Every structure is written in C-alpha cells, then in structure tokens.
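One line per chain: the protein sequences are A and B, in this order.
Each number in my numbering comes from the position in the first sequence (counting from 1) with 139 added on.
Each number in my numbering comes from the position in the second sequence (counting from 1) with 96 added on.
A virtual CB, placed ideally from N, CA and C, is assigned to each residue, including glycine.
No experiment lies behind these values; they were computed from the predicted model shown.
These notes are about the structure you will find just below.
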Amino acid sequence: MKKSLTIWDWCPHALKKALLIMKLTILLILLATLQVSANVNGQAKISLRVTQVEISHVLNSIERQGVYRFLYNSRLNGVQQKVSIDADNLDIKDLLRKMFTGTDLTYKMLDNNLIVVLSSSLAVQDLKITGKITGGSDEPLSGVSITVKGTSRGTTTDFYGNYSLTVPENATLLVSSIGFQNQEVAVNSLSIVNVKLIPSSKLIDEVVVVGYGTQRKIDVTGSVATIKGDDISKQASTNPISALQGKVAGVQITNSGQPGAAPGILIRGLGTYFGSTGPLYVVDGVWVTDVSFLNPSDIESLSVLKDASSEAIYGINGANGVVVITTRKGSKNGHATVTYNGSVGYQKVTNQVKMANAYEYAVMFNELGRATSANPVLLDSSQFGTGTNWFDQTLRNALITNHQIDVSGGSEKSTYNFSLGYLYQDGVLKTNDYQRYTARLQNDIQISKNIRVGYTAIGSYSLSDDAPGGIWHEIYSAPPVIPVKFADGGYGDPGYYGLGQSVSNPQATLDFNNAKSKNNNLTGGAYLDIKFARHFTFHTNVGGEYIDNQSKNYTPVYKATSTQNNAVSNLSVTSYETRKWIAENTLTYTNVFGDHKLTALVGQHADYYNYDEIHASAINVPDATTGNWYLGLGTGGAGTVSDVDPNTYNPAYPLTSTVSSYFGRVNYGYRDKYLLTATMRGDGSSKFVGSNRWGYFPSIGAAWVISNEDFMKNQKFFNSLKLKGSWGKVGNVSIPTFVSSLTSVSGGAYSVIYGNSGVISSGVSVAALVPPPLVWEKGVGTDIGLEAVTLNNRLTIDADYYDKKTENFVFQVNIPGSVGASTPYIITNVGDIRNRGFELALSWKDQISKDFSYGISGNVSINNNVVLTNSAGGQKIYNGGEGATGGQFTTVTTVGQPVGEFYGYKVIGIFQTAADVTNYTDKNGAQYQPGAQPGDFKYASTTGVGPITGNDRVYLGNPNPKYTYGINTSFAYKKFDLSIDLQGVADVSVYNANKGLRYGAENFTQDFYEHRWHGAGTSNTFPSVNVGGGTNFDPNSWYVESGSYFRIRNLQLGYTIPNATLNRAWIQKLRVYADLQNPFNFFKYTGFTPEVGGTPGNAGIDNNIYPLYATYRLGVNLTF
Amino acid sequence: MKPNDKYIQHILGLGLLVSASVFMLHGCSKGFLNVAVQGQQPVTQLWQTETDATNAVNAIYANLRTYDNTAFPPIAIESLGSDDAVKGSVPTDATFMNGYDNFTVTATEGQLDGFWQGQYQNINFCNQVLDSIVNINMDASLKARYFAEAKFVRAYSYFRLERAFGNIPLVLQIPGTAAQINPVQSTPAQVYAAIEQDLSDAASVLPQSYGASDVGRATKGAALALHAKVALYEKKWSDVVTYTKQVMGLGYALFPSYEQMFRIPNENCSESIFEIQCNYVAGNEGINSSQYSQVEGDRDVSPSVGWGFNVPTQDLVNEFEAGDPRLQATIMMEGTTTPEGDAVPMASAGAPTMYNMKSYVPFAQAAAHDAAGNPGCEQNVRVLRYADVLLMNAEANNELGDAADALTSLEMVRARARANSANPATTLPPVTATDQATLRTAIYHERRVELAMEFDRYFDVIRQGRAAAVFGSLGWKPNKNEVWPIPQNEIDVSAGVLKQNVGY
C-alpha cells in the first residue's frame, strides 16, 4: 500500500482510479478486520511539523504514525491543497479542524480510528454502485440485506455475495445479515463498495468449523463446541489439548506431569476399549492422532464435534469424537503485524505425598521383619532421625519458558502467517528436561476470482532428557534410612542395611540414567479451491505427516550400590518413523430457491499410513561424557538390529494400513427456521478383510430455530432459541494392523543353541490363537439439544442429552492359559458399551460500564458408562494386572457395570488377634481366612462359604468420572484483565496401587505409619506393615479411594500498558501478565494426584504416575 | 502482480489438481486396500517346508528357557514347599513367596498362573508341531523324530502341571472350537494316560543320541527316564523297573565328579539325560533369556550375579552324612571358596548364608553376561540325569521286594560320591540293609541328598505319602496341599469352567 502511494505521481489516470478503488476497498475491509491490531480508540495525540505539503501527504504521514487511517476520494479538490502544520501533541480532531480550515473538507470519525474525509460542497448525485459482501472467513454471503440509510431503497446479495444498487453519492449503506453485526458504510462517491461483515458476537450466531467446511452455528444440527485459539494459548499448558481441561462440556482431559507428554482425552465417555480412545484431530485438513507437535499459539480455532451426526462425515475415524483445528491465517490488511508472546516461570509439584521418615521407616521395617521371619534382620531405629526425604532430593522447582514470534499479513491477493516458537521445560524431576522448537508457514493465494490455493507447513523438533522408567515408584519406595551418599562419597546402599532387591537409591538411578530422545515432526497440506458454474466449488487437499523419533539409552559401566551396578556398558537405540499421506476431493453445490437453501457435498478420501520401528543395540560402547554415544564404537559383532520390539518380541514392523472412502452431505434450510443435515460415508480399510472390509456410516440431524418463527417475533426474552436432534453412526478403525492375520513368532527368544555348538537354530512357530475376523466397531448415537440466547444477548445456554452406544466393541479378551498363547488374549468384537449423559453449558457476558466488563461461563457434564452386552459367553473381561504385586486382575469389565471397574475383596476390618482369625468362619465352621495373621485384612464373604476365594470379590469403584465440570471467568477493568478458571471431576474412583505394590522393604507413607495396625486394638482400618504378604496385596477396597477433585486450574492477571505511557508509536499493544496454573487443588486422595488416566481396563490405577505440578509464570504479549 | 507470478500460481494449482487426482486414482485402485502382512511371517506361509518343521521344533526347546519355566514360578511351585529350600533373599524381599514356604498361598498368587501358562505355552508349541507338520512333504524319518521330540516335551510339561495342580485341562491339539479353547479339567488318570502314551510313542522313535549340532534334543533315554518317573508317581513299580532298566542299557554313566557335572563345560555329559539348553550370545537378549542362575545366585557378590532366592535349609545340610562331598557341591556357603576359585562373600545383614551351588556360574563369567542378558544365563537346567534313574530303579525294586537290585543301583550312586570324598575309606559306607522298610528309608535319604535342590524333593515326599509327617511342621495339610490351587486368573478367564482344587 505504502509503495503504491510513493509511485502515485507516475501512474496513469485509469490505473490511479483502479488502485484507489482497491485501496478504499481494502480500507473498508480493514474496518472489519483490524479489530485486533487497531482497537485502541482515538485518544492518541499527534505531533507533526510540515511546511507547504499537500493535505493528502499530511494524512499519509499521520497514517504512518500507526494509529489513524484515512478514507477519502483523491478526486476531492481539497486534498491537493498545500498546508503548513505545526502541531505538538495535538488531539487529532483539533489537528484536522485546523488543517481543513480554508478547504471544503470535513471529516467524520468512524470506529477503529478510521477517519473519513469528505467534501462538504460536492453536489449530491445518484451513483450506481456494485460490490461484494463477505463473511468472517472471506466466504461470500448470499441474501444479505443492503439498504440506504434513512430510505426504503435496498437490495439483497446473490449467491456470490454480489449486489448492485443506485444510491446518492454520499449515501450510507446499512448492511445486515443474520449471524453478523450490522454495518454502516459510507459510499463516498465510490462505484464499488465491498464489505466484510464481522460475525456477530452472539454465540449462537457464530460461524463454526464443522467437518469439511464451516457453518453458522444457528444452522448446526449436531453438537459442536468451539474454542478460540486465544483461550488455548493464554494458558500455561504446553500441549493445546491440555488447555481444554474444564473448558468444554463433555470433554474429559487427563493431564500428565511429564514434560512433552500428551494428555488423555475422552469425548463423551469411554466408547472404545482397544486401541486409541482419543479423538481424530484434523489440522488444516490433515488427519493426525496426536497434536503435541502444535504450538498452542498457532491455533486460530478448535472445534470439538461431539455427537454422532457431526462425526459421521469422518466415518471410520469419528467414533471417539473429532477435533477440527484451524491454524492462524494472515489478514488482508496490507501490512505486517508482528506479535511476540513470551513467558517465564517455574513449576512445582503440588500435594507432595509425605513419606515416613527414617526413624518411622526403621520401626516399620523391624515390624515387617518380625512378622515375616523367625530370625529377622533388624535396624537400630534409635540411630535414625528424619533421614533422606527422597522426594525433596529428586524433585525441584523447575524452569519453564516459552517464546513465540508470529508475523502475519497479506493483501487481497495473498495472505501469509509465519511463526517460530521455542519452549524449554524442566520436568519437576531432576534431569528430566524438554525442549521444543516449532515453526509454521501458512499461505493463501487467490489466483483468480474463482481459484484459490494455499498451504500450511508445520514443523516441530523436540529434544528430551527422559526420566528413567519406573522412577516414581522407585522414589516412593526408597528407604529414608539410606543417605544419598555415604560419608566416604559412595552412594547410600540399601544392601548395606540388608533391605533387599526391591528398593534402591533413586539418586544413583538418576545419575546413571542416560536416556535421550528427539522427535521431528513435519505436518502440512496444500489445497486448491475452484468455483465454477455459479453454484459449484471443487476443493482438493493433499497433506501428510512425517514423524521421526529416535531414542538412545546408554547404561555405562558403574557400581553405585549392591543392586545398582552394571559390568558391561550397553547402548540401545530405537528409531520410530511414521509416514502418512491423505488426499481428499470434495465438490460442493450451494443454491437458494426462494425460501429454500440447499448445500450438497460429495467427496472422496484416501489415506496411507506406515509405521516402522528399528531397535539396535551394542555393548562395550565407551562412555562419552559429551552425551553422544555411537553403536559403531561398541564391540564388533556384539550388536543387534531388529525390527521387533525386544521387550515384547511382538509385533514386528513395519505396519502399513490404507483407507479409501466416499462421502456425501446435504444441508437443507427453510427460511432459517427448519434445518436438516444428512450425511453418508463409506470407508474401506485394509485392516478388515473380506466382506467386513467396508463400513457405512449414515447420519441425520434436524433443528428448529423457534426464535425465527413469526409467533416469536414480538417477544424480547429469547434472542435466539433452537431445538435440535440428531442420530448417526460412526466407525472406529483404531485397531491394530494385521489383527485378522495369524502370524508367527520368531527371533532370539524362540531360537536355541543345541549343546555347545554355538550355532543358533532359529525358531519360528505359532504362539497365538487364530483370531476371528473382525467386524467394524460402530458408535450409534442420538443427541437432543437446546440452544438459547436470552437476557439481551447476555446469557447463552447450551444443553444436550446424548445416548451413544458402541456396538461390537473391539476388546482384548483374555483366553485361558491352557491355549498356550504367548499373548494371553485375542482381539475380537465383544459387545456393546453405552455412554449416556447430559451436558449443560451456560455463559454470561455483561458490560457494566465503559470500564468494566465480565464474563462467567460454566459447564457440567454427567456421563454414565455401562457395558450393555457381552457376546464372549458372558465372560467377564479382566485387566489391571499392573496394579497388584502378583499381577492379579484389579479391574473387570462386565455387563451392567462400567468399563474397567475396580474389582476385588471388600475389607471389613483388620484381624486383631489369632483368635479373630480362628473365629472368622462360615456357618459350617470353615475358616474364611485360614492363613491370615493378626494385622491382615479381614475380607467380607459374599458367598457365605469359607475359605474366601475369588468368588467373594465385589465391585469396588468406577474409574470413569460421572461428573466433570468447569467454571471459567473473565473480568476486564480499564486496562486490567483477570481470568479465573476452576475445574473438577466428581464421583470417580482411583486405585492407589502404590500402597500395595510391595516386594520387600519399600517405604510407607507417613499416613500409613500413623494409622497402621501394630498390635491388637491399634487399628481396624489400616493393616500391619505386612501389606505385601499374605493376601493383603490382593486387590481390595482399601486401595480404592475417591478420585474426585476440584482445583483452580488457571488464574491470570494482566495489565495492558497504555500507549500514552509507552510513548512508542510502533507498539500497537503491550500487555504483561502473571499466571498461575493448578495453584490450588482440593481432594481427599492420598497420592500425589487423583488425575491418573490410563488405558481402558487399566485406567485409574495409580502406579508410577508422573505427578502434576503447579506453574507460576510472568509473561508479556507484544504486538507491533 | 507480475505475470510470472500468475503462471507460477496456475502451475501450483494445476500441480495440486494433478497430484490430488493421482492420489485419488491411487486410493480408488483395487489393490490399495490389500496390504500384505509385514514384518511377520503369515501362518499361511508357514508349514510348507522341512525348514518350517525344523524351526517349529527349535521353538519348543527355546521356550523351555522362559522365566515361567526356569525362574520364580518353578521355585515357588516345585521347590519352596519342601524342607530343602526356603524363599531366600532378605526377609522383606518378595514376601509373596512366603506363602509357598508356609502353605498359606491362595489362588491369586502370581507364580501359580505363571507356572500354568509357562507349561501350556510349551504344550502349544508341541501341538503346533504335531498338528501342522503332518502335511509337509519332507524326510519321513525326520518328521517322525520331530513328532517324537514334541511328544516328549509335551509329556514333560504335562507331568510338571499334573503334579503341581492335579486337576488340569488336557489340550492335545491346537484348540479350535469354543469348547476346546476353554476346556474342562481332566482327571489325573486321564492326564497320566496321555503322558504315558506320548512317552511310549516318543521312546519308540527317538534316537539314543545326536550329533554335536543337535545335542540337547530329546532322546530315547530321556523319554524312557521320564516315563520311569511318571510311573514312579503312579506307583507302577514294575514299569519303573522296566523303563529304568532300558535306560541303564543305553550307555549312560555317572560323571566322575559330582560337583563338576553342574559346571558349564560339562553340560550334556555322560550322566545327562535331558537338560534345558541355555546359552549366551553377546547382544542377543532373546537367546540370553534364562534367569535360572540369576534368581538363585549369591546376592552379596559384586558385580551382581544373583537375587538369592530358593536357598537351602539347615535341615538339608543336616541330612548329609559326614564327609559327603555332595554337601559342598550342593550348597554354597558364605566364607568358603568354590573349586573354581570364587571367594563366597560373607552374607550381608539378613541375606542368606547358603545358596544353591548347582545353579552356580563362576562369578566373573556370570557378571560379564549381565549387559545383554542375565547373569549366568548360559547355565543349563539339569532336568533328568542318570543318578535319578538309578535311584528310581532302586526305589521301585525295593517296593517290588527286590532288595539286591535295589542295593546295586543305590550303591552306584553312593560309590561315585564316595570316590569324590576326601576320605573314601570311611565316608558314605555302602548300604547293606535288605529289610524293605530300612532300605526304603535309605533310598529316600539318598534321593534327597543326591538330587537336592533339583526341584524333585517336594513332590517326591508327597508321592511317597510322607508329606504330612515331613512337611506338617511347615504348615502342610493333608487333603489340600497335595496340589497347589488352580490359579484364580485362570478360573476367572474360564468363566467358571475350571473348578478350584479342594481346600482352596
């Protein structure tokens, strides 16, 4: 723009006119788009000194100061007049008044510091104008009403958003359309007036991103929740999904404290058991299963498709919900906007568990020795004080810093957005560090009136110093009696005190842990839009994802303690690679026939996925203090390279799968009152064989916008009221590849050397059961919802009832050990799961005065998860073996109960004496627990027959929360802004496996020390220290605790520094803030955090969980 | 806008259109959804050639090394119940194993299921061979031998299961139908009949020995020796005599040095009848999988060679006659030096003072193999050896009233030990009693010391009907502890098809 002005004088007249029109059009568009970059309203003072300069040039100079923009017709005589100005900190109005004195120029201030310069003397004459009206995403708007202000003259736009109208030269146009803010535009003698409308701030009128397109929220018949990018990026969360916690009704997020880890996400409950339970993410058209590579600041908007009818257009992948993410785009405002966001802070674990101190530990160790051995090893408890607090020793206040710079801009023809981000996060565990670099380039180019292309490229590179496996349980169990280091400098050794193999010195583990991983991720896509034959749009997009991950783990030769040592160094390197492409073509037809509005879409989709793993190892690799290790430096010939996971020997890689799909959708609307959406999708997947290959996923949705009915015209109570209902079927393809093919086992574990021949004889055989052919797992869901806006657009209500059934859910079914399979389960279709629930979201926004506005929104969801049928012969499906010492099943999934419910014995007390044990008998005198000792758990018998067996187990609690809720508030007072977000879950259980996973001399919590049984009458609720012995470690109700929690999720106070104070014209906005994440947590659970997560069947089992932390940050947002 | 840009943009647009079309066509092509199985051999390609048959048999032997076959589960099920061994390690370590020492174990304890699954995995590999190589066009005699090898291992695994659990499902083919996948329990008689059938079949086909590259495969002698042991458990005394006599005619000989017989260089020696073949190959974690030596190794040695479980009792020490060299060869005591020159460290606080010498691998060698495997992973597990056959022969002959033959066999075992002793003139004098009861006691004693820590004592005492007397003080109760409980996980998974053993 500036450039065209400097060459102004050399331009021929016709071009001048064209450029002028262009300029004015763009300036008009600015009206609509420059909200963010120029929303400081006209209080800036101007300082200017010119002598005999044309008024137009003066105006340019003022524009360059960055606050005001002028709109005028260069044909105005007055603007060529030369003036002299000597202004020092003058108000703009005074300056203009002064400058226009002696001309026939006058001015009019519009919003956003836009000033229209007019001639007061020009004759009023009629003018034929044409133009185009577009919406928030530059989409043409049809049926928009355009009237000349103060007259009844007017017209509406056609399908392409075009209109023509004869108006007085100085007329003002009134442009209005449902879902957009009304706009007044001065014609100003122009012959072309294009207007970009701003979407209405009324929630229900927003345009939302849905599958394969956008829709006005009022037209949506399904259940779609939209979150703005700003609400995600303002939080301390480094993962965009993590930031959704408590923000969206029906979306349950389970965060992990591990730097770089993706949180767990469930949309409307657990609807699948095997494979991924998370949603499909569609990032600018590219389908991915994890968005950890995304910098939260790059997100423009995020839509959660929650009901089956919205998801059904994604067919095969929609069953667990769909999250459609649009990344930021440049604006057409003609100049570059640069923003910088930076923050620095630290993280600290919350609710640190208090472990027993050294003295207490010694007392309990001795008790355990006496309880389990006639000839125990005893510690002299008097010699110990508080000892080592291993959590204090290994945890830290960890630094986190995040920087992002974003450049965006563009012109009518093309827009761009480029960003760079850097995140450095220390884990709360010492040595566990994480760094992430992100880069994104986005470009849209309008090739011609009807053709548009664009692309997005997102790159991310992360580096991590990984935590040792099992470290959390190790710290939890580490005996406080051992010092970090002995006086002689050697590591404190559990062996020195005879504490056994099961405990260690966590500091030594950390010191000799050399696990590093790096991850490269490149995701991107390109699209092409062609509009033709008035009603058609052809859209094609091709995208892909490439992930390259490498982890190195080096074990040096060391001797730290009697159990932590290594004689031969070992380096293992694992490389994971994901390659994926996706290609989609859609054709959209849109037309309006009188009162009828129709949009039809047909499309085709194909994708290819390939995943590969390579494991390599070498021994005798020298220790490189620089932190780099190379396989080639190891002992020649000693290394291995394998495409089989050495821990499981199964499965082997690569894994390739393909999908080919066809789909269609029809949207029909009648006078914006009755709306209908129907979709159909057919997917073929290489994972299914034979006649089961193709799955078909129909859906239908309808809505009635009651507020648009004539009988509602005269009421003022509801600004908008809509009733909607939908039904749909969705598929789930997140099952393992090649599951239907019976494959063989091979490799070292199945190979043998006969005698001392040294010759490896390879073994290959079949260690599995022939799996039955799989059929599609399908979700069938119904949704009934109400959306209302009331109380003068201040209160928005969204209520939904849903009932979703997953049919033929794919499950890993344990098979009898007598089959002899090396994997003791098969993957098969088992039965139906239902999630039924209710969601309510309320949002209140109000502006109390010019200086004070606030908003409060709250959401609550109730979900009931239940297994409806089980076709596996009524067999209960057991799982959760990781929760108990001997691998006993801790969860069961069975008809009438939720998925993965905790299962075990009900504790009714503690045996106080040997007589208690003897006297605990059934009616025939058979002892219930003949092997029990005083201090052991006393279990309830449900069968009434002694002894207690597996048949006496009962359901102990549900790991799937019934209630999830969030309250999000924001307050703005003058230049201050404050937001407080609260969040919680209720009616949920956690299995505190840490209390029972004992193999020897593990430490106990202080809580246990204080409450433990240690002699008749000392406790009837806590067992003796022999928790790991007898049947005490069997899954039972003592380990099951309430997982309900409530927390202050986010607390942020910001201050926008006034430009006047800054006195830096180039700064558009500078805001500083302080932010607290998870500062206060309220729960009864006795572990670190009840936010435990886990895969279905193992969910809610707290074993080696990376604890959550609070983050305290200071940050700055700068726009210039 | 320069015209060039326009061309570039048009080309860009066209390129996208073309590539989208290409991908679309690709996606629509018929073969696109047919992705061949990768990384693994599909079973449809298996069972075609002689190599496939060979590989499948190799897998059977490899699987005998698993943790469930050689480590904690067998210690728990086959050793700790006896008066020879206790849990070991330090008192607070792995207290869940105490239930096997004091007979308080319940069905949910994990070693039960581990042992169960470990044995059935062996059985599955055997069934794979028996069912699947039938149709392979290959050398007929080799095929017959492979069948026989599979039957031997299947019988061995069923024998271990039978004496551990009593009432077990009998799976003799690859399960197909729902009822086969979730079978009911057979009676002990049915299981023993199946074991005997397999062993008879195997013995009639298997060779007496193999060339160097096949040493360790099941032999005729192994099938006969195991058959004798099975008959011993069934108290079929004359069968025991028949099978042991056949073995005694096959050329086996007691290895001159009792202690050296258990060392790695003497694996598969003249006395060996069947061993689980374990090896170390640098970097090959699959081959180096046996933890047999590690779990029983001395926990006080540094660098680490073991965890120190399954340790001998003083009661066992007391059982040895004065000067019996087998004591030092069976029990590694703190403060001593092994014949290989390793100084056995004094036990740290709470740690065992004695370890199973029979699983011992010289410390430096064991530790060196910790990096990509387990310490001592090359130590073979001795399953059947000639001395056992001789003692079975002695026991059965005595039960049949043939004291002379009994004494002959017994004396062979004692004579070797005597020859190893420091003072052969006075140590381990020949047994001369011919009274059946006295001789029985002498044979029982000999069996205990000769085969100590070799996982036979516990079930020997039970089959001899003396468990209540011998183990009663440890907590053993008749009509219950003859067998361990059926694993609760298995009962759960079977949806109640499997029934728990009486008393659990």
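Closer than 8 Å at the beta carbon, the chain B residues around residue i
i       : result
A:Q1027 : T204, G206, Q584, N585
Run of the beta strand (DSSP E) containing residue i, from where it starts to where it stops
i      : result
A:Y801 : 794–809
A:S440 : 438–444
A:W833 : 833–844
Backbone secondary structure at residue i - three-state DSSP
i       : result
A:F1227 : coil
A:S901  : coil
A:H612  : helix
A:A1125 : strand
B:Q596  : coil
A:Y930  : Correcting the residue type first, residue 930 of chain A is Leu in the shown sequence and not Tyr. Here A:L930 sits in coil by DSSP.
B:R359  : coil
A:G368  : helix
A:T290  : coil
Neighbourhood of residue i by C-beta distance below 6 Å, restricted to the same chain and skipping five residues each side
i      : result
A:L257 : T245
B:S386 : R161, T166, C374, C473
A:L661 : G598, Y685
Residue i - containing alpha helix (DSSP H), residue span
i      : result
B:P520 : From DSSP, B:P520 is part of no alpha helix (DSSP H); its letter is neither H nor E.
A:K232 : 231–239
A:T648 : 645–650
B:E292 : 284–301
Cβ-based neighbour list, residue i, same chain, cut-off 8 Å, excluding 5 preceding and 5 following
i       : result
A:T570  : D604, A606, L649, N652
B:A538  : L506, V527, A529
A:R1262 : Lying before the first or after the last residue shown, residue 1262 of chain A is absent from chain A, which here runs from 140 to 1259.
A:P1197 : K1114
Which listed residue (the options) has its alpha carbon closest to that of residue i
i       : options                          : result
A:P622  : A:G389, A:Y635, A:I1240, A:L210  : A:Y635
B:M344  : B:A321, B:E355, B:V249, B:G214   : B:A321
A:H612  : A:N1063, A:F504, A:V969, A:G1226 : A:G1226
A:G442  : A:S448, A:Y420, A:N1217, A:T305  : Note that residue 442 of chain A is Ser in the sequence shown, not Gly. Closest option to A:S442, Cα to Cα, is A:Y420.
A:Y1138 : A:A1125, A:A1155, A:N1165        : A:N1165
B:K247  : B:R514, B:M234, B:Q269           : B:Q269
A:A495  : A:T411, A:L1215, A:F1143, A:R203 : A:F1143
A:V387  : A:T525, A:I404, A:S1181          : A:I404
B:R359  : B:K595, B:P458, B:M508           : B:P458
Contacts around residue i, its chain only, beta-carbon distance under 7 Å, and the 5 residues preceding and following it disregarded
i      : result
A:F856 : T929
A:G773 : L710, A757, I758, N759, V760
B:L480 : A318, A321, L322, I369, F370
Chain-ordered neighbours of residue i on chain A, where CB pairs are closer than 8 Å
i      : result
B:W580 : By Cβ distance, chain A contributes nothing, its closest Cβ being about 13 Å from B:W580, past 8 Å.
B:R313 : Y893
Chain B contact residues for residue i, given Cβ-Cβ distances below 9 Å
i      : result
A:T511 : P187, T188, T191, N194
Interface residues of chain B facing residue i [CB-CB closer than 7 Å]
i      : result
A:I899 : V377, I383
A:S890 : N154, A158, G382, I383
Within chain A, partners of residue i - CB distance below 9 Å
i      : result
B:W212 : G956, S957
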